[in-house]
Amino acid sequence: MTEGEELGIYFTLMSGGEPTVRKKDIIKLAEKHSSQVILLFTNGTLVDDDFVAEMKRVGNITLAFSIEGFEETTDSRRGKGVFKKVMDAMDRMHKAGLIFGASVTYTRKNTEELASEEFVDMLIDKGAAYAWYFTYIPVGKDVDLELMATPEQRAYMYEKILEYRRTKPIFIMDFWNDGEVSQGCIAGGKRYLHINARGDVEPCAFVHYATCNIKDVSLKEALSSPLMLAYQKRQPFNMNHHRPCPLIDNPEMMVEMVRESGAYPTQLNPDETPEEFAEKLKDYSDRWGQIADAKWSKSCAAAK
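Using our numbering, the letters of the sequence shown map in sequence onto residues 62 to 365.
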């Protein structure tokens, strides 16, 4: 974090696992790096009054609570009673006047629920200032491709979030569908990178490859490592910014970058080659490409 500040980086995300198991250490970091904003992606189950009081004291920590939808949908994935614990934690944060939000992953099973006005209004009523929307990414050899939101559902989510930005007092970010705003993929050190629990420096939290470890190099050196350079010279990965991602939208790019940089896999069970990943995503990327190209042509025509 110190090296990041030297480079002008003042926004740090922490995910897990569950980062609040280290909440005492995180409070110490927040004290030391008082100019940083620290965002924790959390399941909310360890957010008690003492932690809320400490967050209010240091003033630079925000929580994004991970939920899957309403109670039944959330508890079916995260365990019975988790939804109520999240709601209680949100109430504590809201009462203390702290800024917080939500983090949701939309799949084929819950896209319509997460895109519903009822769900967004529930977040607003609880006091959430923002929400991260992520689409399910099938990383790993034995994942369920059928759990991915369909291209049609992805397009539906895009339109719903645009509607809520115009009409609702909450800031919603869609990590994939906002490529038009960010001029393509933000990863690879363009605006963002990821360091995993072992210290491997990855272009993105969803891209499980690296060419260096933060224990061996500085952050500045990591930003110019072979895999990061391979990323940066190809960005944007598609001139259609509705197709920003080298994983699910342009999977052939991921193959090129891994092979060119000599990157090693960082997954716990690295039993899938980049070629195998690209092949299993080809049908999805082709179908989304047709929808995205039509949307992009319409946007370009409107801009003229």
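Note that beta-carbon positions come from the ideal geometry of N, C-alpha and C, so glycine has one too. The structure presented is a predicted model; accordingly, all values stated were derived computationally and were not measured.
Considering just the uninterrupted stretch of the beta strand (DSSP E) at residue i, what are its terminal residues?
i	result
Met62	Careful: Met62 lies outside any beta strand (DSSP E) and carries neither H nor E.
Ser162	Checking the sequence shown, residue 162 turns out to be Gly, not Ser. Start and end: Phe161 to Tyr167.
Ala192	Tyr191 to Thr196
Report back the beta-carbon spacing between residue i and residue j to the nearest angstrom; my notes put them in contact at under 8 Å.
i	j	result
Val181	Lys229	6 Å
Phe126	Phe161	7 Å
Cys246	Phe298	6 Å
Met62	Leu107	Contact doesn't hold; Cβ gap of about 22 Å is too wide.
Arg132	Val165	The identity of residue 132 in the sequence shown is Glu, whereas the question assumes Arg. So it is not a contact: roughly 14 Å between Cβ atoms.
Tyr253	Pro326	No, Tyr253 and Pro326 are not in contact; Cβ-Cβ is about 20 Å, not under 8 Å.
Val319	Pro335	5 Å
Ala291	Ser243	So it is not a contact: roughly 19 Å between Cβ atoms.
Taking the alpha-carbon of residue i as reference, which of the options has the nearest alpha-carbon?
i	options	result
Arg295	Asp277, Ser279, Glu317 and Ser286	Glu317
Trp237	Asp354, Ala176, Ile70 and His303	His303
Glu67	His94, Glu132, Arg83 and Met75	His94
Ala324	Cys273, Asp347, Lys281 and Gln293	Cys273
Glu313	Leu288, Pro326 and Leu342	Leu342
Ala114	Met154, Ala189 and Val200	Met154
Met300	Glu333, Glu241 and Gln293	Glu241
Ile198	Ala210, Ala190 and Lys187	Ala210
Leu184	Arg118, Tyr225 and Ala271	Tyr225
Pro305	Gly249, Asn257 and Asp332	Gly249
Ala163	Ala190, Lys146 and Glu207	Ala190
Gly69	Lys251, Gly78 and Gly77	Lys251
Gly188	Pro287, Ala150 and His255	Ala150
Leu175	Arg83, Asp235 and Ser76	Asp235
Asp344	Lys281, Leu308 and Pro80	Leu308
Asp136	Asp354, Phe102 and Asn171	Asn171
Asn121	Ile352, Ile88, Glu173 and Arg259	Ile88
Leu208	Thr81, Lys359 and Tyr167	Tyr167
Met116	Glu92, Glu282, Lys359 and Arg259	Glu92
Suppose you measure from the CA of residue i to the CA of residue j; what does that come to, to the nearest Å?
i	j	result
Phe338	Lys156	45 Å
Val98	Thr73	6 Å
Phe144	Asp239	28 Å
Glu213	Trp349	8 Å
Phe267	Asp152	31 Å
Gln328	Ala364	42 Å
Gln293	Lys141	43 Å
Val147	Gly105	5 Å
Lys356	Leu223	14 Å
Asp347	Lys221	23 Å
Arg169	Tyr217	12 Å
Gly158	Gly65	28 Å
Arg118	Asn311	45 Å
Val278	Ser76	22 Å
Phe232	Trp193	9 Å
If I follow the unbroken alpha helix (DSSP H) through residue i, where does it start and stop?
i	result
Ser137	Glu132 to Arg139
Thr172	Thr172 to Leu175
Leu68	It is not in any alpha helix (DSSP H) - Leu68 carries neither H nor E in the DSSP assignment.
Asp152	Val143 to Lys156
Ile87	Lys84 to Lys93
Asp182	Glu178 to Lys187
Ala283	Leu280 to Leu284
Complete alpha helix (DSSP H) runs within the region 294 to 336 (minimum length 4 residues, chain order): 312 to 322
In the region 97 to 121, which residue ranges form an unbroken beta strand (DSSP E) of at least 3 residues, counting only runs that do not cross its ends? 98 to 103
message: Runs of 4 residues minimum, wholly inside the region 215 to 277: which ones carry the alpha helix (DSSP H) assignment?
response: Fully enclosed alpha helix (DSSP H) runs of 4 or longer: 240 to 243.
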